[in-house]
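Engineer:
In our numbering, the protein residues as written are 193 to 420.
#1: Do residue 317 and residue 351 have their C-beta atoms within less than 8 Å of each other?
#2: Return the CA-CA distance between residue 286 and residue 244, expressed in angstroms with no decimal places.
#3: Can you give the Cα-Cα distance for residue 344 and residue 392, rounded to whole angstroms?
#4: Between residue 405 and the rest of its own chain, which residues show a CB-CB distance below 6 Å, the 5 nearest in sequence each way excluded?
#5: Just checking: is the beta-carbon of residue 378 within a distance shorter than 8 Å of some beta-carbon in chain B?
#6: Less than 8 Å between the CB atoms is what I'm expecting for residue 305 and residue 335, so what's the real figure, rounded?
#7: Should residue 321 go down as buried or exposed, given a rule of 16 or more other Cβ atoms within 10 Å for buried?
#8: Please confirm whether any heavy atom of the ligand ATP lies closer than 7 Å to the CB of residue 390.
#9: Please state the DSSP three-state secondary structure of residue 355.
#10: Per DSSP, what kind of secondary structure is residue 344 in: helix, strand or coil?
#11: Take residue 263 as the anchor and find which of 409, 328, 348 and 294 has the nearest alpha-carbon.
#12: Cβ atoms of residue 265 and residue 309: under 8 Å apart, would you say?
#13: What are the boundary residues of the beta strand (DSSP E) that residue 402 is part of?
#14: Taking only runs that begin and end inside the segment 266 to 332, name each unbroken beta strand (DSSP E) of 3 or more residues, in chain order.
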């Protein structure tokens with residue numbers, strides 16, 4: 193399990209390269225949404241930090257833990273919001289950082305450990321961002337549904353380079369759904385849409401011992417990845 197603590201509250205704003213008035217409307221909306229959410233994290237932490245002056249030791253511990261969790265969610269959002277950086281992304285480093293953020297924000301508070309295995313390689317930024325969103329949603333779904341009635345558990349994320357693309361798997365030892373397949377919610381629909389945008393395939397295998405989701409992502413043409 194990752195145990196690196198957050199030593200400071202989330203920052204309320206980010207530096208954006210380039211003049212905003214010349215950005216497309218869709219990008220401005222995205223920047224504003226990111227800015228608003230980061231401000232929300234900062235405000236929540238500021239409110240809780242004021243309450244840390246309480247003389248009750250148990251209350252201080254609970255409030256400090258809440259500040260750390262909110263800070264972890266802020267870091268997770270920052271990691272997911274890659275934007276459109278120039279050049280390819282080192283996928284192994286990105287997935288490792290993303291997994292650490294998900295673990296600190298979601299899994300550790302639920303006593304769920306996170307294991308990671310990644311291979312070296314590069315992926316265009318837009319494709320890496322889409323994949324990061326998919327992996328995050330899959331891990332959160334595992335934590336929310338697979339470990340709802342379990343005190344402990346484990347999630348493993350693997351990203352393996354193949355001849356014609358990448359094979360990514362998210363495996364958990366949670367409850368699974370061997371008999372009745374649940375109705376696809378909004379998160380699942382978003383994942384399926386992102387996988388289609390990546391020209392990929394998603395395979396779900398679930399038993400009473402856990403669930404494994406496999407993503408097969410081909411190497412997409414650079415032109416396709418540059419489209420909005």
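Glycine included, each C-beta is placed from N, C-alpha and C at the ideal position.
Structural biologist: On the basis of the data shown:
#1: Reading the chain shown from its first residue, position 125 is the one you call residue 317. Reading the chain shown from its first residue, position 159 is the one you call residue 351. No, the Cβ-Cβ distance between residue 317 and residue 351 is not below 8 Å.
#2: Numbered from 1 along the chain shown, position 94 holds the residue referred to as residue 286. Numbered from 1 along the chain shown, position 52 holds the residue referred to as residue 244. One C-alpha to the other measures close to 34 Å.
#3: Locating residue 344 in the chain shown gives position 152, where the first residue counts as 1. Locating residue 392 in the chain shown gives position 200, where the first residue counts as 1. Their Cα atoms are separated by approximately 32 Å.
#4: Numbered from its first residue, the chain shown carries residue 405 at position 213. Within the same chain, residue 405 has close Cβ partners 330, 362 and 396.
#5: Considering every chain present, this structure includes no chain B. It has just one protein chain.
#6: Taking the chain shown and counting its residues from 1, the one referred to as residue 305 is at position 113. Taking the chain shown and counting its residues from 1, the one referred to as residue 335 is at position 143. At roughly 11 Å, the Cβ-Cβ gap does not stay under 8 Å, so residue 305 and residue 335 are not in contact.
#7: Counting from 1 along the chain shown, the entry for residue 321 is found at position 129. Its Cβ being crowded by 16 or more others within 10 Å, residue 321 is buried.
#8: This structure lacks the ligand ATP, and indeed carries no ligand of any kind.
#9: By one-based count along the chain shown, residue 355 stands at place 163. Residue state, collapsed to three classes: coil.
#10: Residue 344 sits at position 152 when you count from the first residue of the chain shown. Correct three-state label for residue 344: coil.
#11: Taking the first residue of the chain shown as 1, we reach residue 263 at position 71. Looking at the Cα atoms, 294 is the closest of the given residues.
#12: On the chain shown, residue 309 is found 117 positions in, with the first residue counted as 1. On the chain shown, residue 265 is found 73 positions in, with the first residue counted as 1. Contact: no.
#13: Counting from one through the chain shown, the residue named residue 402 turns up at place 210. Residue 402 -> beta strand (DSSP E) spans 402 to 410.
#14: 280 to 282, 304 to 310 and 314 to 316
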